[in-house]
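Chain order of the listed sequences is A and B. Okay, so the first sequence: first residue is 10 according to this note's numbering, each after it adds one. Okay, so the second sequence: first residue is 47 according to this note's numbering, each after it adds one. First comes the structure, then the notes that go with it.
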Amino acid sequence: MRLISKVALTLTSLMMSGIAMASQPKDGKIGFQEAVTPVMEELIRFHHSFVFPVIVAITIFVMALMIYIMVRFNEKANPVPSKTTHHVGLEVAWTLVPILILLVMVVPSMKLLYMQDRLPTTEMTIKVVGHTWHWEYQYPELEDKVEGFESYLLKKEDALAAGKPYLLGTDAPLVVPVDTKVKVIVTSQANLHSFSVPSFGVKMDAVPGRLNETWFQVNPGKEGTYYGQCSELCGIRHAFMPIEVKVVSKSDFHRWVNNGGSFSTNVAQANIAAPAAAPK
Amino acid sequence: MAAIGADEGYGHDDKPAFFARWFYSTNHKDIGTLYLIFAIFSGIIGGFLSFAMRAELAQPGIQIFHDLHTYNVFVSMHGLIMIFFMVMPAVIGGFGNWFVPLMIGAPDMAFPRMNNLSFWLLPVALICLIISFFVQGSASGNGFGGGWVMYPPLSTIGSPGPSFDFIIIGLLAAGFSSIFGAINFITTILNMRAPGMTIHKMPLFAWSVLVTAFLLLLALPVLAAALFMLMGDRVEGGTGFFDPARGGDPEMFQHLFWFFGHPEVYIMILPAFGIVSHVVSTFSKKPIFGYLGMAYAMVAIGVVGFVVWAHHMYTVGMDVNLKAYFLAATLVIAVPTGVKIFSWLATMWGGSISFSIPMQWALAFIFLFVIGGVTGVVLANAGIDTALHDTYYVVAHFHYVLSMGAVFGIFCGFTYWFGKMFGVLYNKYLAALHFWTFFVGVNIIFFPQHFLGMQGMPRRYVDYPEEFALYNEISSWGAALTGVSVIFFFVWVIEALIVRRKAPDNYWGEYANTLEWTLSSPPPYHQFNTLPVYKDEDHH
Chain A
10 MRLISKVALT LTSLMMSGIA MASQPKDGKI GFQEAVTPVM EELIRFHHSF
60 VFPVIVAITI FVMALMIYIM VRFNEKANPV PSKTTHHVGL EVAWTLVPIL
110 ILLVMVVPSM KLLYMQDRLP TTEMTIKVVG HTWHWEYQYP ELEDKVEGFE
160 SYLLKKEDAL AAGKPYLLGT DAPLVVPVDT KVKVIVTSQA NLHSFSVPSF
210 GVKMDAVPGR LNETWFQVNP GKEGTYYGQC SELCGIRHAF MPIEVKVVSK
260 SDFHRWVNNG GSFSTNVAQA NIAAPAAAPK
Chain B
47 MAAIGADEGY GHDDKPAFFA RWFYSTNHKD IGTLYLIFAI FSGIIGGFLS
97 FAMRAELAQP GIQIFHDLHT YNVFVSMHGL IMIFFMVMPA VIGGFGNWFV
147 PLMIGAPDMA FPRMNNLSFW LLPVALICLI ISFFVQGSAS GNGFGGGWVM
197 YPPLSTIGSP GPSFDFIIIG LLAAGFSSIF GAINFITTIL NMRAPGMTIH
247 KMPLFAWSVL VTAFLLLLAL PVLAAALFML MGDRVEGGTG FFDPARGGDP
297 EMFQHLFWFF GHPEVYIMIL PAFGIVSHVV STFSKKPIFG YLGMAYAMVA
347 IGVVGFVVWA HHMYTVGMDV NLKAYFLAAT LVIAVPTGVK IFSWLATMWG
397 GSISFSIPMQ WALAFIFLFV IGGVTGVVLA NAGIDTALHD TYYVVAHFHY
447 VLSMGAVFGI FCGFTYWFGK MFGVLYNKYL AALHFWTFFV GVNIIFFPQH
497 FLGMQGMPRR YVDYPEEFAL YNEISSWGAA LTGVSVIFFF VWVIEALIVR
547 RKAPDNYWGE YANTLEWTLS SPPPYHQFNT LPVYKDEDHH
């Protein structure tokens, strides 16, 4: 019963998916999370307008051929098999046509890859450090104002109390300004991890001994909270080190920075002093 | 010992006594049977692990694995056992041993005693892996939870206990087993073909095993080297190949691992290609279309398979130009793979198809492999892979090519050759029940996982936000159906072995025209004492 009601819900949400905006995963939704950066928009555009139609067309083409063959050439419909074993033209065609499709695909694919990977002149830098098992965020250019802080998973009851989704919500989100080119430096203290924010089109492994770079720029008007999860197996609490990014307006970000990394005046340093919420 | 008989082994079926026959075995058919039994046994273990994982993931929250570390152990061991101890022994050790000598008209493998060693290393290896479950892995508990990829530092400082040492020893044993097997197959195929059977007249299954054997021979030493380096890193005061504090780099292991790991994917799927080619030809009642194209497409897949490994590592922080190269090289693989798919379709075109059980498996294989293949094209695009890497989309993709590709190929071969191997016919309704439940079941498991992956659900998660609940629940129901289907598999096998309907020499008709069908079912203990002369017909 639960399943049936969920399927019905899914169908509704599918129809709504054109307008429904997700800043976190949605149950039953098909497709990517909402894109809020130019990179993720380009990724979805390339996937939806090119790669996905091509693979669906190929799959349907093969399925249609197979159905036709099974109907037309089964032993009742066609008792006497042909003896054809070669057809050079056909063999050349089914080698060349895929090559052509791939050649056409490789151009926008490279464009997306280089857009994602080549950092533009960024306006600020954040440093993300993976720990076993939580994340640490630092603002190297602002370190005289904002101390680096650690971000832990919220326990289930704390997440409910805070109105955040369990296993996604944290006690101290990474705070970044909207419409700003942010360079992200990712590293790790001991194990491998991967810093991933699906809505940003960002996924970068945190490797001890390495400083990996990536970047994002959240589109204007897309202030809000975005979630991601550690995406490289890192041990027993791999599933319990979520990433929460709070995107705020530039003025709010200045206020937050000048307030020592807090939005409220009277609970300064709230982001840092939250050991109660940390698991174990 | 055996007298040189005038014809194919009739009259001197001098089987040794039970213990000598099955434990000292040097007969390729007996060793093939041992491999198949071993693969089924490992498949039960690996399958149990996966059903436990799906049971855990049916609902958000922790249901079964209150010890979270055990879940990671199950994930890791499911991968290792299914790859090294189920698929590889079945397709290469099992069908390869059974049918390569029969198809090329050879009396046995080139090195029968090494063949025996290849097999018996595997149970030793599996015992090592099973021991690893029960000894200290890390501070978190027993067993190794670092994934089948065994990336350091999780497999070095992250798993200091003896558990992972047992896995290293086990995988080295399994690796040497495969290397010995590869040497044996290459020698056999290159030197022991029947008079008149040139390499361009050799059956496609022998071609597929030949290419696979070269991949094994070139890829497995790299895995062995990587495992030895891990071993050195794990020793107190040992080496620091992968330890940044001592000038090493954890990413180097990933390069070494995937230099082995990507050819490994083709090692698992190529023999299935060979099997499916014979089945499609037999039941379309036509020779295979574009034989040479089929053979060299496999060679091309094998060659290109060695130069695309880092597409498993798009997010590790590689240079963008390197990623661009791996992107382009990876897309190239779609071309020979497409040649194979279209050649199978062209083989069926104009045919007179009978939908026997092996043909049903083969048709399902072709279609599901296309789905797994096209999602592979999506993932090859490094830009898109940023969103999909290490999500359930990847899990869905590689299970479509393995759980539906390689495993469907195994069932295809098993139902095709069952009568030939064991001399008895199975009940086709029971076998159809197995096929249809399995087909529906695995699709219900894995198709919704594409959606989970696009929504961003990461792999190897013991618990997930409830936003991912729906498709996980569906997927787990599919696993339940697949579990029932596995029972149907044993039902038809056991029924056939008990009822013992005698299989004729060639129960599939004149289009099953490779040399194994000229022998009795099961074949005599020693066959081809007088080598068959291969006639110049279109025999592929």
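Idealized CB from N, CA, C, for every residue including glycine. What you are looking at is a predicted structure, and each value in this text was computed from that prediction instead of being measured.
Based on Cα-Cα distance, which residue from B:493, B:471, B:476 and B:433 lies nearest to residue 449 of chain B?
B:493
Our contact map puts residue 143 of chain B next to residue 155 of chain B with C-beta atoms below 8 Å; I'd like the distance itself, whole angstroms only.
7 Å
Could you tell me whether the Cβ atoms of residue 354 of chain B and residue 300 of chain B are closer together than 8 Å?
no
Let me make sure I understand the geometry here. Which of A:253, A:211, A:256 and A:196 has the alpha-carbon closest to that of residue 434 of chain B?
Residue nearest to residue 434 of chain B within the set A:253, A:211, A:256 and A:196 is A:211 (criterion: CA-CA distance).
Taking only three categories from DSSP, how would you classify residue 5 of chain B?
Beyond the ends of chain B as shown, which are 47 and 586, falls residue 5 of chain B; an answer cannot be given.
Let me confirm a value: residue 76 of chain B is counted as buried when at least 16 other C-beta atoms fall within 10 Å, else exposed. Which label applies?
buried
Fully enclosed by the region 275-361 of chain B, which beta strand (DSSP E) runs are 3 residues long or longer?
Counting whole runs of 3 or more residues, the region 275-361 of chain B contains no beta strand (DSSP E) stretch at all.
Kindly give me the distance between the Cβ atoms of residue 262 of chain B and residue 313 of chain B, rounded to whole angstroms, as I take these residues to be in contact under 8 Å.
6 Å
What three-state label does DSSP hand residue 261 of chain B in the structure shown?
helix
Which same chain residues end up closer than 6 Å to residue 554 of chain B when comparing Cβ atoms and leaving out the 5 residues on each side of it in sequence?
328
Is any beta-carbon of chain A found at less than 8 Å from that of residue 243 of chain B?
no
Whether or not the region 464-474 of chain B and the region 542-550 of chain B are in contact is what I'm after, with contact meaning three or more pairs of Cβ atoms, one per stretch, closer than 8 Å; do they touch?
With a cut-off of 8 Å, the region 464-474 of chain B and the region 542-550 of chain B count as touching, because enough Cβ pairs lie within range.
With a threshold of 8 Å, are at least 3 pairs of Cβ atoms found where one atom belongs to the region 387-399 of chain B and the other to the region 453-463 of chain B?
no
Would you verify that the beta carbon of residue 225 of chain A is, or is not, closer than 8 Å to some beta carbon of chain B?
no
Between the alpha carbons of residue 268 of chain A and residue 144 of chain A, how many angstroms are there, rounded?
22 Å
Can you find a CB in chain A that lies within less than 8 Å of the CB of residue 506 of chain B?
Residue 506 of chain B has a beta carbon lying within less than 8 Å of a beta carbon in chain A.
Roughly how many angstroms lie between the CA atoms of residue 134 of chain B and residue 563 of chain B, to the nearest whole one?
Our two residues, residue 134 of chain B and residue 563 of chain B, have alpha carbons roughly 25 Å apart in a direct line.
Does chain A have any CB closer than 8 Å to the CB of residue 446 of chain B?
no
Count the other C-beta atoms from every protein chain shown that fall within 10 angstroms of the C-beta of residue 270 of chain A, then say buried if there are 16 or more, exposed otherwise.
Using a 10 angstroms sphere on the CB of residue 270 of chain A, the tally of other CB atoms reaches 16 or more, which defines it as buried.
Who are the near neighbours of residue 535 of chain B in its chain, counting only those whose CB is closer than 7 Å to its CB and skipping five residues on each side?
Hits under 7 Å: 480.
Counting beta carbon pairs with one atom in the region 254-274 of chain B and one in the region 209-226 of chain B, are three or more of them shorter than 8 Å?
As far as the Cβ criterion goes, the region 209-226 of chain B touches the region 254-274 of chain B, which means the pair count is three or higher.
With the cut-off set at 8 Å, would you say residue 285 of chain B and residue 275 of chain B are in Cβ contact?
yes
Kindly indicate the opening and closing residues of the alpha helix (DSSP H) around residue 51 of chain A.
47-55
Ignoring anything shorter than 4 residues or poking outside the region 61-86 of chain B, list the alpha helix (DSSP H) runs there in chain order.
Listed in chain order, the complete alpha helix (DSSP H) runs (minimum 4 residues) inside the region 61-86 of chain B are 64-69.
Would you kindly report the start and end of the unbroken beta strand (DSSP E) that includes residue 225 of chain A?
Per DSSP, residue 225 of chain A belongs to the beta strand (DSSP E) from 221-225.
Between the region 198-212 of chain B and chain A, which residues of the former have a C-beta closer than 8 Å to a C-beta of the latter?
Here the close residues are 199, 200, 203 and 204.
How would you call residue 383 of chain B, buried or exposed, if buried means at least 16 neighbouring beta carbons within 10 angstroms?
buried
Under the three-state reduction of DSSP, which class applies to residue 147 of chain A: helix, strand or coil?
strand
Per DSSP, what are the beta-bridge partners of residue 202 of chain A in this structure?
A:215
Can you tell which of B:399, B:105 and B:69 has its C-alpha closest to the C-alpha of residue 88 of chain A?
Ranking the options by Cα distance to residue 88 of chain A, first place goes to B:399.
Which residue from A:170, A:243, A:195 and A:164 puts its Cα closest to that of residue 148 of chain A?
A:195
With a threshold of 7 Å on Cβ separation, who are the neighbours of residue 394 of chain B within its own chain once the five nearest residues in sequence on each side are excluded?
326 and 330
At least one CB of chain B closer than 8 Å to the CB of residue 87 of chain A: is that the case?
yes
Quick check on residue 413 of chain B - is its C-beta less than 8 Å from some C-beta in chain A?
At a cut-off of 8 Å between C-beta atoms, residue 413 of chain B counts as an interface residue with respect to chain A.
Using a C-beta cutoff of 8 Å, does residue 406 of chain B count as contacting chain A?
no
Hey, out of A:94, A:264, A:179 and A:254, whose CA is closest to residue 338 of chain B's CA?
A:94
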